[in-house]
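See below for the structure under consideration.
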Amino acid sequence: GGGDDAATAPGGSTGEAASGEPLKIGWLTDATSVTRGTYYPEFEGAQLFFETLNAAGGIDGRPVELVMRDMKIDAELAVTSATDLIQGENVLMLAGGSIEGRMPPVFDVARANETPFLAGHSARPDMFPPEPDPLLFTVGNVFEAMSDARLEIWPKLMEEIGVDGGEIACYIHQAPAAQAVCNRWLDEQVKVTPEFSQGPIVNAPLQTTDFTSFVRPIVDANPAAFFDISIASHAIGVAVAARNLGYEGPIVFSMTATPETDIQQVADQAGGEDLYALSNITSISETDVEEIQRILDAAEEYGTEIDPSSATVNGWLMGMVIADALERCGADCDRAGLRDALEETDLDTQGLTGGPLTYSPTDHMGTRYWTAYRWDDGDGALVRAVDEWTEFDPATDLVAPLAP
Amino acid sequence: MQSPPVLRGRSRRWRRSPYLRTDYRRELALFPYSGPRLAVIAVTVLLVAAYPFLADAYWLGVINLAVIAAIGALGLQIVTGMAGQLSLGHAAFLAVGGFFAAGLYLHLGLPLWIAGPAAMLAGATVGAIAGLPALRIRGFYLGITTLAVQYVIIAIGLKYQGYLQTSFGTSGSLSLPIPDLGLFTLTSTMDWYYFLVVLTGVVILAVTNLKRSALGRSLLAVRQRELAAEALGVNVARVKITAFALSGALGGLAGALSAYYYRGVGIEDFDLLLSVEYLAMIIVGGLGSILGAVLGAVFVIATPLLVGQLIAVLGLEGVLSQHLRAIELAVFALTMIGFLLFEPDGLAGVWQRLKTYVTRWPFKYTAMSTQAKR
Amino acid sequence: MLELHQVEVAYNKTATAVRGVSMHAEQGKITTLLGTNGAGKTTTLTAISGFIGMENADVVGGEIVYKGRRLNRLAPHRVSRLGIALVPERDKVFDTLTVTDNIKLTAGSAGKARAVYEEFPRLGELAGRTAGYLSGGEKQLLALAMALVTEPEVLLVDELSLGLAPRVTSDLLGELQRVQRERGLTVLLVEQNAAAALAVADYGYVMEDGRLVHDGTPEALLSHGDIMEFYLGTGNGDDQRRSYRDVKQYRRKRRWAG
Amino acid sequence: MIPTLEVDKVRITFGGITAVDDVSFDLSGQELVALIGPNGAGKTALLNSISGIYRPSSGEVRLEGRSLNGVPVHKIATGGVGRAFQHAELFAGLTVVDNLMVGRHRQLKGSLLSMAVRVGPYLRREVAQRAVVEEVIDFFELEQVRNRPVSSLPFGVQKLVGVARALCMEPRVLLLDEPSSGLTRQEKEDFARFMLRIRHDRGLPMLWVEHDMQMVMDLAERIVVLDHGVKIADGAPDAVAENPAVRTAYLGVDDTEMTRAGSPG
Amino acid sequence: MDFSIILDALKLASVYGVLALGFVIVYRTSRVLNLAQPGVVLLAGLMALTFIPRDATPTRFWLTALVLLALGALAGLALYALLLRPMAGQSHISQVLMTLAALFLLQAISEAGWRGESGFIPMPGRQVAWELFGTNVRLLDVAPIVVAAVVVAGLALFYRYSRSGRQMRAVAENPALAARRGINIEKIGAMAWAIAAALGVVAVFLTSTQGSVSLLLVGTTLKGFTVALVGGLDSLSGLVPAALLVAAAEVVTVRFIDQQLGEAVPYVVLLVVLLVKPWGLAGTREELDRV
Ligand SMILES: Nc1ncnc2c1ncn2[C@@H]1O[C@H](COP(=O)(O)OP(=O)(O)OP(=O)(O)O)[C@@H](O)[C@H]1O
Ligand SMILES: Nc1ncnc2c1ncn2[C@@H]1O[C@H](COP(=O)(O)OP(=O)(O)OP(=O)(O)O)[C@@H](O)[C@H]1O
Ligand SMILES: [Mg+2]
Ligand SMILES: [Mg+2]
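Note that the protein sequences, when read in sequence, are chains A, B, C, D and E.
Each residue of the first sequence is one higher than the one before, counting from 81 in the working numbering.
Each residue of the second sequence is one higher than the one before, counting from 16 in the working numbering.
Each residue of the third sequence is one higher than the one before, counting from 121 in the working numbering.
Each residue of the fourth sequence is one higher than the one before, counting from 4 in the working numbering.
Each residue of the fifth sequence is one higher than the one before, counting from 44 in the working numbering.
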């Protein structure tokens, strides 16, 4: 694959530090808001990647510079920041993300300026096969696709845990897009695996800080398993509340939303037994994966504000994708060229995901590989609960089509 | 003791005074034809028309946002600045307008030029309902009931988005097309700029007229002394509801415009902070002042961005980029504090002060008895 | 005792309402300040009792001195604790408190509060009422009682007779004179009812358009032609008051200034 | 002939307090009736009940024969009851002219749209009403302060503006609550002249609350006396002045001082 | 109806009660809605997160809590002295906007120092729990109720038996006159702000028995407003029933009607109460209809 050079560059440290005219990439993230825990580490991951890359010679001697803007989950800031990055900073492309509802106006800015955009953890149907928006790419997931992917991995995890059926409870916070997570998934899951039945679905308003009353129905129903996905501050609050109120069954997080650092908080507050995570990316705990070790080394060297987690890994992966495209785009890379290069991505992720990441003109998302982890209280880290990766190709594996 | 009659109606000064008017129509005219005033207006119009050629696309976009906000701020100015009814839930009206416009497009395919006025109507209706407590409740208690209305609207909006999500399968945020106004479409930032500027001009003119009319006077009267106003024949209940309805209408318009400007709406955008920002606009601009509402809107929208730019220009970005937003917020807060402490009449007050200073120069104080106003 | 030297006060940092006023309220005497509407009497009293910017006004020149101490810019409660009490022209009582609470607020002890009711029996009848609902005159009584109960050394009264029935006015003025004599109280009395004020005062000032235009003993003032004409409604040679039915037209203008 | 204003057995109570007790009298033609009484006698309360601000617990007020019971305050005002308040109650943010224009509120009806557009009929109406207001300003000699914000006016002028504002309503009956308190002798004389001129020019009946007995004796044609909410006298000035009940309740001065209340000595 | 509902409502009420108390105390002395309070609460929470490490001993916890309480009071003093005192005599709306500016300032501080951090304050005794009426009851469920009761009762007694109660109302209604009657309005204002800010610190510890500290605390604090208003902004006696009413309504709605309405419930309760009693359950009229 074309990604090899770029992917090996950071560790390779053959050249000396890059010094030419920097290649500017705009990065939009929520650096200071309730969603910081989810989106900011992505930026940090990419930042680490490029620091390492630049130290090793950058791309053809040119350093890559990330220009970050904080959107604060605010539509107005998002639009002005995106415009400023493109027109003021003259960046080659945009990357990053915030909650889904915040993105369409930003995409509009990108379209109006013909600037490619690489989205992180949360994607939108705009990038989905078979008719993706020409400018939008993602390493992340659309909620509906994520739900469908879960159908196969869920029974595997349950088997590992030793749960052979019963009610599944589900928690999301009140964001319209998030509602698909529980509704669509549970509807299908009980069809695919009839030994499971639908338990309580809890849906708390975004402003909630005291989850007691919301969690009571779950505790009262005492489900066989509890799937807890939401922005981090909610997900951990709910898990802790459930434990406090006496729920002792397995709690399963989605690691894209609740990275290791947050699971750690739950373990601190309410004990680390029976905590699990589904993930489409390798956990930062898997230090025997070489690329993960590189991330940790880079974090050691360049520092991060938030302890590295799978979100950092996701950001690093985004860095890999961008560097790879820049490499292929060549010496006088412009926005159009970069977009074309992105579309031809076929990247070996060096073990950061379960397989290669490939984009095509009809697919700006690529195949996803899912696995499951278990929290090990002794190590204070995640360990694999399910060994293999489960493949999910959004082009063919969807249960029902996505809405436009 | 007999002294000649006060010089009235005839000036003995060698220069014709711009303040001397000879009939009421002239005094009541929107733009009294005084030289300096016309000059100021002409310069303003010229500057506004030339702005797109002076500013880059980014700052043009910023001004577009500010101008939309100015329409909303004028709405709040009517109810809080003029009628004195504290409204902490202005964002609710924006939400109603935005969702109404988006809903009309989504369900009926209606374009902006229909949806805009419709959003105003919807806003006015919700405004009038939100104003009902004002008939019984006053002051901060009223302020918080308007906040309550906002929470109710948000709850409804969430339900609506949930409904869209289940029945339309969209991710719940409503997307809108490029607005088509029949005669032209608003494609570029510059299109938007001229459209918004003209529209805002019309709104400003209308609000100014209202303020100078019987309604405007009764708004101020009700704010000051409800009972006395009533004993003078002002229907206080009606005036309050009208104020809320007008505020809702302008809020609704601003909401519809911003929905189309962002090409989509989400209920999450209309949080308390937005309401609070609108309040900040009218206080920074000057409570009760129309010019103030506009200046305040520009100020509140542009200051944080200006600070960001300033930091970039100073080359401090590397050092401070991590704390950019914190700095912007702090600067914003400090400016607000500065205004509250040193210029309670806001930007409009500064403008007024400047004018008085120019006309009065070189004197520092005016004796009470000779102080000329207007 | 209480002296003003060339005091200037400006509203909103722009308009001067008091211009170069110098006056003196002598210890244990009643000094009265007369003047037409808007002359700056209230402004003068407010300046003495302390501003802290609350009225959007400032003493921009001159000195206010009490017992050798400069009062300019002193916070109102400090002024009050120096023994200077003010009965304001408007907003003189706490509307949402009851009459009793209003008095207790300043009385310090319950005994003193009771003494007030002995002194002003009308207030006793109103003890439990909400002060905001009192009639204009009742409020005036309450305000005076609240000021007196602090046992001040200097009492500043802004328009004592405002809204009071004639009988109450004469009673109060008599009362004021009695208290003043007994306690050696220093009084600065702003009054519109010039005849009544000069009847009890030891010295008088006349203010117009922000300036002092005249001062003297009551006798001197009472026999001054302009004062007779404009403040007493007598003049015309004989000592008879003119009837309000056949008054002539006056013009509002400064007569002494300049 | 029906009297312009009839107060018929009006009683006003607040909780346990009876502020006005069974008071009846009427006003017609162009009478100038003074309403006097000690502080707290219920004078303001009575005016309030005529304006509709307080509702009589029994009895009723009639304007030209029509009962005002249950009529909203603003309807009573537009129906012809003009009112000047004891504490002026001006609208602080507005100028003198605008305060008076509020008094012309009734004549300035118009749709929101016509007000927002302003040209055409609404502007003509505004101009016409403005002319009326200017007349009143001339009448009260307020030219110099017409564009001053009322809050910066001295109290005495504010009260004058209050009266002017009431007159702007073109009322059928004018209620004045202590309009001259806080004025100097000279200004009171001016004010007396205004009252006489109002009566001369407009031919209005006026109900006038006043504490300055000399003014009352000189100007009023009839005097109604309240004490503790009860009407204790009603009649020509001289007759009332002779009334012993009035003397003890209100005046508290001996005979010779009657018309010279508060005089030196 | 099971015991857990009562428990949940009581817990929520205790948090709301203390939050509301903070608003009431400032309002009583100045008729100003203290919009800076959410900032104080947030900052206190974030500082607690930083200074109480995961493995903190109980001694360390209590010491830090005390220090934060003192810091809170100081912050309240500073806010009053620097921002509110110079505003004396200006309109109430302007003063409220000043507290709003203070909120922005506090948020800027929290952003500079903590960005959007969130987490749990490690509470001592979090493992202690009993089974009661079929419900799992933790020490941390009971503690906030007890603390809130003590705090509310204590302050109520303080205001009842100190001269300040009446003075506060006088200052609130007419500061200029109060000052001229010899009341040190600045002392009273400073005291109120210090107490209110300290209450904010107490409140953050109370909420932390139940949930995490995050930017969302701002919204939670605002709900304290509704309670203060339902009770009557200047009354301490209306506060307890108001807190119970609002909390119960919220808990019942979330449990039995619709979880998503939880956010709006306090405001709906407020609307209903105010339409019946415009000055809250036990508030006093602040504007008199009198001309
Ligand atoms: N808040 C204010 N803002 C601006 N100007 C003011 C203000 N208060 C008073 N003035 C002006 O200051 C001048 C003096 O007013 P002041 O109230 O002191 O007069 P006064 O002698 O007490 O009159 P009165 O007899 O009517 O009470 C007046 O011209 C008035 O217009
Ligand atoms: N809204 C009210 N609530 C309770 N008591 C009231 C109310 N309005 C008036 N009162 C009481 O009724 C009595 C009459 O008051 P009113 O204001 O009519 O007196 P007044 O004759 O106008 O006196 P003054 O000459 O002092 O103005 C007073 O004792 C007053 O306290
Ligand atoms: Mg005065
Ligand atoms: Mg009265």
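Each residue gets a CB set at the ideal place from its N, CA and C atoms; glycine is no exception.
Just so we're clear, the structure is a prediction, and the values are computed from it rather than from any experiment.
Among the CB atoms of chain B, none fall inside 8 Å of the CB of residue 57 of chain D. Residue 345 of chain A has its alpha-carbon roughly 10 Å from the corresponding atom of residue 338 of chain A. In chain order, 259, 262, 263 and 306 make up the part of chain E whose C-beta sits under 8 Å from the C-beta of residue 287 of chain A. In this structure, residue 247 of chain E sits away from residue 161 of chain E, with a CB-CB distance that is not shorter than 8 Å. Linking residue 128 of chain A to residue 105 of chain A through their CA atoms gives a straight-line distance of about 14 Å. The C-alpha of residue 306 of chain A lies about 22 Å from the C-alpha of residue 177 of chain E.
Here DSSP, grouped into helix, strand and coil, assigns residue 83 of chain D to coil. Just measuring C-alpha positions, the residue of A:168, A:277 and A:364 sitting nearest residue 342 of chain A is A:364. Within the same chain, Cβ atoms closer than 7 Å to the Cβ of residue 323 of chain A are found at 350 and 351, the five residues on either side in sequence being excluded. Judged by DSSP secondary structure, residue 147 of chain C falls outside any alpha helix (DSSP H); it is assigned neither H nor E. The straight-line gap separating the alpha-carbon atoms of residue 284 of chain C and residue 78 of chain D is approximately 32 Å.
Residue 227 of chain E is outside the set of residues whose beta carbon lies under 8 Å from a beta carbon in chain A. Contact between residue 146 of chain B and residue 308 of chain B does not hold, since their C-beta atoms are separated by about 19 Å, which reaches or exceeds 8 Å. At a cut-off of 8 Å between beta-carbon atoms, residue 214 of chain C makes no contact with chain D. The nearest non-hydrogen atom of ligand 4 is less than 7 Å from the C-beta of residue 256 of chain C. In the structure shown, residue 12 of chain D falls within a strand segment according to DSSP collapsed to helix, strand and coil. Residues of the same chain with a CB within less than 7 Å of the CB of residue 116 of chain E, apart from the 5 flanking positions on each side, are 237, 240 and 241 in chain order.
Excluding its 5 nearest sequence neighbours in each direction, residue 388 of chain A has C-beta neighbours in its own chain below 7 Å: 364, 375, 376 and 379, listed in chain order. For residue 120 of chain E, same chain residues with a beta-carbon under 6 Å away, outside a window of 5 residues either side, are 233 and 237 in chain order. Scanning B:236, B:204, B:169 and B:372 for the CA closest to the CA of residue 284 of chain B turns up B:169. Counting only runs of 3 or more residues that sit fully inside the region 175 to 241 of chain A, the beta strand (DSSP E) segments are 197 to 199 and 216 to 218, in chain order.
Residue state for residue 262 of chain A is assigned as helix, using DSSP reduced to three classes. For residue 169 of chain D, the closest alpha carbon among the candidates D:20, D:182 and D:213 is that of D:182. For residue 215 of chain C, the CB contacts under 6 Å within the same chain, skipping 5 residues up- and downstream, are 251 and 252 in chain order. Under the 8 Å criterion on CB atoms, residue 188 of chain A is classed as interfacial with respect to chain B.
Taking the Cβ of residue 115 of chain E as the reference point, every heavy atom of ligand 2 lies at 7 Å or farther away. Uninterrupted beta strand (DSSP E) stretches at least 3 residues long and entirely within the region 140 to 192 of chain E occur at 172 to 175 and 178 to 181, given in chain order. Closest in C-alpha terms to residue 167 of chain D, from the list D:210, D:206, D:106 and D:225, comes D:106. Between ligand 3 and the CB of residue 161 of chain C, the shortest heavy atom gap is smaller than 7 Å. DSSP, read as helix, strand or coil, puts residue 107 of chain A in strand. Between residue 461 of chain A and residue 452 of chain A, the C-beta gap is not smaller than 8 Å, which leaves the two residues out of contact. Counting other Cβ atoms within 10 Å of its Cβ, residue 218 of chain D reaches 16 or more and is therefore classed as buried.
Closest in alpha carbon position to residue 107 of chain A, among A:436, A:165 and A:241, is A:165. Interface with chain E (8 Å Cβ-Cβ cutoff): residue 397 of chain A is excluded. Contact between the region 338 to 345 of chain B and the region 279 to 295 of chain B is absent: fewer than three C-beta pairs spanning the two stretches fall below 8 Å. Residues of chain A with a Cβ closer than 7 Å to the Cβ of residue 154 of chain E are, in chain order, 112.
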